[in-house]
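>
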Amino acid sequence: MTAQHRVGVVGAGTMGAGIAQCVAEAGMPVTVVDTDPTAAERARRGIRASLRSSVLLGRGPRPGDIAEIIDRIQWSQRVDDLSDATLVIESVTERVELKYRVFAELDRACAPSAVFASGTSAIPIADLAARTGRPERMLGLHFMNPAPLTEAVEVISTARTAPDTLVTALDFLGALGKRGIVVGDGPGFVINRVLMLAIAEAAAITESGTDAATVDALFEGCLGHRMGPLRTADLIGLDNVADTIGVLRDATGDGRYHVPDALAGLVRDGHLGRKSGKGFHAYP
2 MTAQHRVGVV GAGTMGAGIA QCVAEAGMPV TVVDTDPTAA ERARRGIRAS LRSSVLLGRG
62 PRPGDIAEII DRIQWSQRVD DLSDATLVIE SVTERVELKY RVFAELDRAC APSAVFASGT
122 SAIPIADLAA RTGRPERMLG LHFMNPAPLT EAVEVISTAR TAPDTLVTAL DFLGALGKRG
182 IVVGDGPGFV INRVLMLAIA EAAAITESGT DAATVDALFE GCLGHRMGPL RTADLIGLDN
242 VADTIGVLRD ATGDGRYHVP DALAGLVRDG HLGRKSGKGF HAYP
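What follows is the structure, given as structure tokens:
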């Protein structure tokens with residue numbers, strides 16, 4: 002039987018909120034930590050709306066269960082409130098120094114037995130684990146957006162991740178109704194090592210006159226992709242995509258990881274994809 006965890010999530014952005022919803026729907030208590038009360042309130046509203054939408058579509062909880070699920074989610078501005086957590090998932094912005102600081106704080110605040118997971122898109126897990134005194138209790142859990150609707154999770158195991166830590170993580174994902182696919186550590190792991198190149202090339206193509214709708218229609222219609230690369234980028238968030246490409250460039254030294262002008266311009270103008278209503282495509 003899967004252990005009942007007391008889960009912490011650090012970061013109340015789109016992904017952190019989605020992970021917290023998954024945990025609460027699975028019947029486990031979860032505490033979400035974010036120093037920004039505006040982000041926390043936005044996450045509260047987003048979770049409630051997501052649960053209601055799931056009910057209407059007939060693929061979520063029963064209407065009477067929504068209040069109970071929401072009650073399982075606690076909110077805090079202090080990492081110290083995760084002192085009794087058995088598993089903590091970091092989901093802050095893709096900035097290396099910020100993640101370093103978060104894991105140093107978690108290592109101080111949490112019990113030595115707690116398992117730490119990073120939701121990073123591209124930063125090697127071993128680099129983050131080095132900021133703690135528990136590299137054997139650390140791995141990556143790369144959830145895809147939207148977390149409540151995505152079946153699989155990319156699980157990143159380092160050379161120092163203990164076998165029981167990996168088992169704990171896979172059992173935890175199973176309790177969420179998700180399948181963990183284990184990969185080795187390294188910049189971008191598997192998905193983003195490939196995906197970010199595709200997005201960057203697709204964005205660059207739009208600079209030469211081919212519109213985003215055409216690019217995505219080719220991938221969707223000819224290759225059977227559920228979403229083309231630019232719709233995928235809009236779903237991830239164009240600011241997150243640009244940050245991830247930058248991390249990959251710095252970590253690999255590979256000049257192919259370059260933020261094209263088309264992508265940089267959208268981010269500069271605040272057009273970040275679905276979450277802002279406009280990116281490569283418009284979302285009325």
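Quick note: the sequence shown, position 269, residue 270 per this note's numbering, numbers continuous.
Backbone N, C-alpha and C fix where the C-beta goes; we use that ideal spot for every residue, glycine too.
Considering only C-alpha positions, which residue in the set S54, A68, I67, L107 is nearest to V80?
As a working mapping, residue 80 is identified with position 79 in the sequence shown. Among S54, A68, I67, L107, the Cα nearest to that of V80 is on L107.
> In the structure shown, what three-state DSSP assignment does G185 receive?
Taking the first residue of the sequence shown as 1, we reach residue 185 at position 184. Strand, per DSSP.
> Hey, how far is the Cα of G17 from the Cα of S92?
Here the question's residue 17 lines up with position 16 in the sequence shown. Here the question's residue 92 lines up with position 91 in the sequence shown. Taking the straight line from one Cα to the other gives about 5 Å.
> Would you tell me roughly how many angstroms separate the C-alpha atoms of V216 and P136, rounded to the nearest one?
On the sequence shown, position 215 is the one that residue 216 refers to. On the sequence shown, position 135 is the one that residue 136 refers to. When rounded, the distance between both Cα atoms is 42 Å.
> Ends of the beta strand (DSSP E) at S77?
By one-based count along the sequence shown, residue 77 stands at place 76. Run containing S77: 74-77, per the beta strand (DSSP E) assignment.
> Ignoring anything shorter than 4 residues, give me the alpha helix (DSSP H) runs that lie fully in the segment 48-116, in order along the chain.
67-72, 97-110
> How would you label R96, buried or exposed, when you count the other beta carbons within 10 angstroms and need 16 or more for buried?
For the purposes of this step, residue 96 is taken as the residue at position 95 of the sequence shown. Residue environment for R96: exposed (fewer than 16 other C-beta atoms within 10 angstroms of its C-beta).
> Excluding the five sequence neighbours on either side, which residues of its own chain have a C-beta within less than 6 Å of the C-beta of D1, listed in chain order?
In the structure as shown, the chain begins at 2 and stops at 285. Residue 1 is therefore absent and cannot be evaluated.
> In angstroms with no decimal places, state the Cα-to-Cα distance between P113 and S77.
Mapped onto the sequence shown, residue 113 falls at position 112. Mapped onto the sequence shown, residue 77 falls at position 76. For P113 and S77, the distance between alpha carbons rounds to 21 Å.
> Between which two residues does the beta strand (DSSP E) carrying A153 extend?
Within the sequence shown, residue 153 is the residue found at index 152, counting from 1. From DSSP, the beta strand (DSSP E) with A153 extends over 153-158.
> Determine contact between the segment 208-215 and the segment 268-275, defined as no fewer than three beta-carbon pairs at a distance below 8 Å.
no
> Using a Cβ-Cβ cut-off of 6 Å (strictly less than) and excluding sequence neighbours within five positions of A21, which residues of its own chain qualify?
Sequence index remark: in the sequence shown, residue 21 carries index 20 (1-based). Spatial neighbours of A21 in its own chain (CB-CB distance under 6 Å, excluding positions within 5 residues in sequence) are listed in chain order as V10, V31, V33, I74.
> Tell me the DSSP bridge mates of K276?
Sequence index remark: in the sequence shown, residue 276 carries index 275 (1-based). Its beta-bridge partners do not exist; DSSP assigns none.
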